[in-house]
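Protein chains in written order, with my numbering: chain A, 164 to 415; chain B, 176 to 668.
From the three backbone atoms N, C-alpha and C, an ideal C-beta is built for every residue, glycine too.
Keep in mind the model is a prediction, meaning the values are calculated, not measured.
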Ligand SMILES: Nc1ncnc2c1ncn2[C@@H]1O[C@H](COP(=O)(O)OP(=O)(O)O)[C@@H](O)[C@H]1O
Ligand SMILES: [Mg+2]
């Protein structure tokens, strides 16, 4: 079976600035959940951004294959329509644009790409209800403009809800746990657990251990100074909790 | 066929035919090829004014009115206070009476129409059946619309609503025209209004009798005829006591005209307890990417809330023209009268818009709302200019103004020029203004959810304009949204 993601020797810099990713190798198979940990400023968000195609970064070396095709040659919106989803560390506000309207536009963009018929308002609403139930999220967010006036927790829940609706092949969750109180963390991680699927891979970026108590990863990596300096299985996270990753960072 | 529009001119009698030739609209009926109208030489003088009036068979009082306007116009200078960069206009070089176009020049089928234009129609979602007619193809659809129009006209007639061309109103309802013409915008109100008063070609007239609620949206023409609107349009709309009317002007389809100079006047009169909603979509040719060849649009629009509790609301979507100079205003004369102005103005490439409103609080407990959304892209320059005036007798006057500007790119400009003139100590006047940019983060967020850059931009812009789009008649709003997207094409990389 084709890997969902194969990153080989990826190096990237801020456009016109310094190098942030200094040779990343990572392979992710369908159904797997990977956690990427590491100190602030290590390049975790940059890795997510580069994979999602955010402007402002320049790939200088290496390759990324996504479902067997060259990811880096695809524009960002095409990556998304091909099932790559990024849950933003800081979800963006779009005033005046209804959350539901936005999501339906996004969903139908993906369906068009896959040659599926677009969902009309009623079909869409039905799908929304199902996912809300699945995730145990209230419908209060739906009537509002995209992320406008949402609390930190509401924004993160909204990201997970979008992910549930868009049913990606690869989900990158960038610090989805940060800034959440314990209840919100539980809602979000329950959501992520429900979205685990044999056809889907999830990469969770975090610098706290506590998320991994709720969403148990198959693989854990430590990213420090632009490189993956250590990897292990689910037990590695527990180990890290005791030792910290300072000693790994020094090695980098 | 849209069921909310109504043609201003139904069955064509001999008089109508003559009239329509004089207006330069002859070919819309499709069978006047041989009739050639005389043409006035370029230039403007009293003889030309007399010529226009004679061509239209106008009564003496109207000719006198035109002459009075012309004499005043000669003493006036074009306004120079707007933030518009306009090369001097040679008013003597223009022709003020245009002969009808020959049918020979009209395309015979859609195959002969510029494919770019057809693509635009498609993007705007204009029904297939209307595209040919909009593009000026001489087809049967035009006849269909005339007959549908007749049905509507009958229906309106039963309610006592008058809806006809200005020329027809002068002939059929001279007393009404005489009573109200110039009563809101006096002949010498400003340079362009005076010019219009002297040489106006034609336009629309609406009268809604007391207590009557007009059951449908009125539009100047069927959309298919909108492309041939006159250069100097004159509109007069009266809602008598307790009447209600919603009026739609313009068309989302791009409109071209060989006359660069346009100066329209619209007057609204709302009597006691009457309500007028006036919506405009303006999409005149903006010129090429360098601004060459675009329409100069100088418009005077004003409504008087003459009776107590009268309401007037202006909603406009301005996307076209090289130059837009336009300030739809309300005179809040009656106690408890209400004025509103909702505006979206887009400037792209080299377009310049200086637009806004005036709310003049005269009566007691009058209130007004102003929501203006200016969007600048390319090298466009967009100015909001608004005046809120509260006279000393206007107890309890209130105004709320919200003025938002959105910038797309680095070479455009947005400017806000509020004039607040309050002569009553108890007046409540609030003004809020914001300027924002479409951020790269917003664009990327949308794209990361699968939207193309164009769709992302359109979504963000429509969100920005939402409060105004909500004020448009429903099906108009859908077209207007698409129009915003089309207007901004090419402004993201
Ligand atoms: N757009 C940017 N402009 C300038 N510096 C950036 C940008 N993005 C990331 N960086 C820098 O790159 C480094 C890695 O940042 P980031 O990927 O956000 O780290 P992490 O998510 O692991 O905390 C940091 O030093 C950060 O300041
Ligand atoms: Mg980060």
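For residue 287(B), there is no enclosing alpha helix (DSSP H), as DSSP gives it neither H nor E. Interface with chain B (8 Å Cβ-Cβ cutoff): residue 265(A) is included.
Approximately 32 Å separates the beta-carbon atoms of residue 507(B) and residue 555(B); this is outside 8 Å, ruling out the contact. Using a CB distance cut-off of 8 Å, residue 259(A) counts as an interface residue toward chain B.
Per DSSP, residue 367(A) is one residue of the beta strand (DSSP E) stretching across 364–368. When DSSP states are grouped into helix, strand and coil, residue 251(A) belongs to the coil group. Collapsing the DSSP output to three states places residue 621(B) in a helix.
Placement of the Cβ of residue 179(A) at a distance of 7 Å or more from every heavy atom of ligand 1 is found. When the beta-carbon positions are compared, residue 227(A) and residue 184(A) stay at least 8 Å from each other.
For residue 398(A), the enclosing alpha helix (DSSP H) begins and ends at 397–406. Short of 6 Å from the beta carbon of residue 395(A), and not among the five residues preceding or following it, lie these beta carbons of its own chain, in chain order: 383. Ligand 1 approaches residue 204(A) closely enough that one of its heavy atoms is under 7 Å from the residue's Cβ. Residue range 556–565 is occupied by the beta strand (DSSP E) that includes residue 560(B), with no alpha helix (DSSP H) assigned at that position. In the DSSP annotation of this structure, the continuous segment of the beta strand (DSSP E) that includes residue 419(B) starts and ends at 419–425. Taking 9 Å as the upper bound on Cβ-Cβ separation, chain A lies near residues 611, 614, 615, 616, 617, 618, 619, 620, 621, 622, 623, 624, 625, 626, 627, 628, 630, 631 of the region 601–632 of chain B. Counting only the Cα atoms, residue 512(B) lies some 6 Å from residue 483(B). Around the C-beta of residue 406(A), fewer than 16 other C-beta atoms lie within 10 Å, and the residue is accordingly described as exposed. The Cβ atoms of residue 362(A) and residue 327(A) lie no closer than 8 Å to each other.
DSSP lists 436(B), 498(B) as the bridge partner or partners of residue 471(B).
In this model, residue 527(B) and residue 576(B) are separated by some 22 Å (Cα to Cα).
The shortest C-alpha to C-alpha distance from residue 551(B) to any of 269(B), 659(B), 383(B) is the one to 659(B). Neighbourhood of residue 325(A) in chain B, by CB distance below 9 Å: 624, in chain order.
Of the other Cβ atoms in all chains shown, fewer than 16 fall within 10 Å of the Cβ of residue 177(A); this residue is therefore exposed. Against residue 218(A), the close residues of chain B are 615, 619, in the order they occur along the chain (beta-carbon pairs closer than 8 Å). Taking 8 Å as the CB threshold, residue 243(A) lines the interface with chain B. Burial check for residue 318(A): the Cβ neighbour count within 10 Å reaches 16 or more, so the residue is buried.
Shown here, residue 529(B) sits in a strand according to DSSP, grouped into three states. Here residue 524(B) is near residue 466(B), since their CB atoms are less than 8 Å apart. Nearest in C-alpha terms to residue 249(B), of all of 257(B), 637(B), 267(B), is 267(B). Rounded to the nearest whole angstrom, the CA to CA distance from residue 516(B) to residue 181(A) is 51 Å.
According to the DSSP secondary-structure assignment, residue 596(B) is paired through a beta bridge with 564(B). The beta-carbon distance between residue 350(A) and residue 310(A), rounded to whole angstroms, is 17 Å. This is too long to meet the 8 Å contact definition. Between the alpha carbons of residue 196(A) and residue 166(A) lies a distance of about 13 Å.
Contact between residue 644(B) and residue 663(B) is ruled out by a C-beta separation of about 15 Å, above the 8 Å threshold. At least one heavy atom of ligand 2 falls within 7 Å of the beta-carbon of residue 338(A). Taken in chain order, the unbroken stretches of alpha helix (DSSP H) that lie wholly in the region 320–367 of chain B and span 4 residues or more are 341–347, 349–355.
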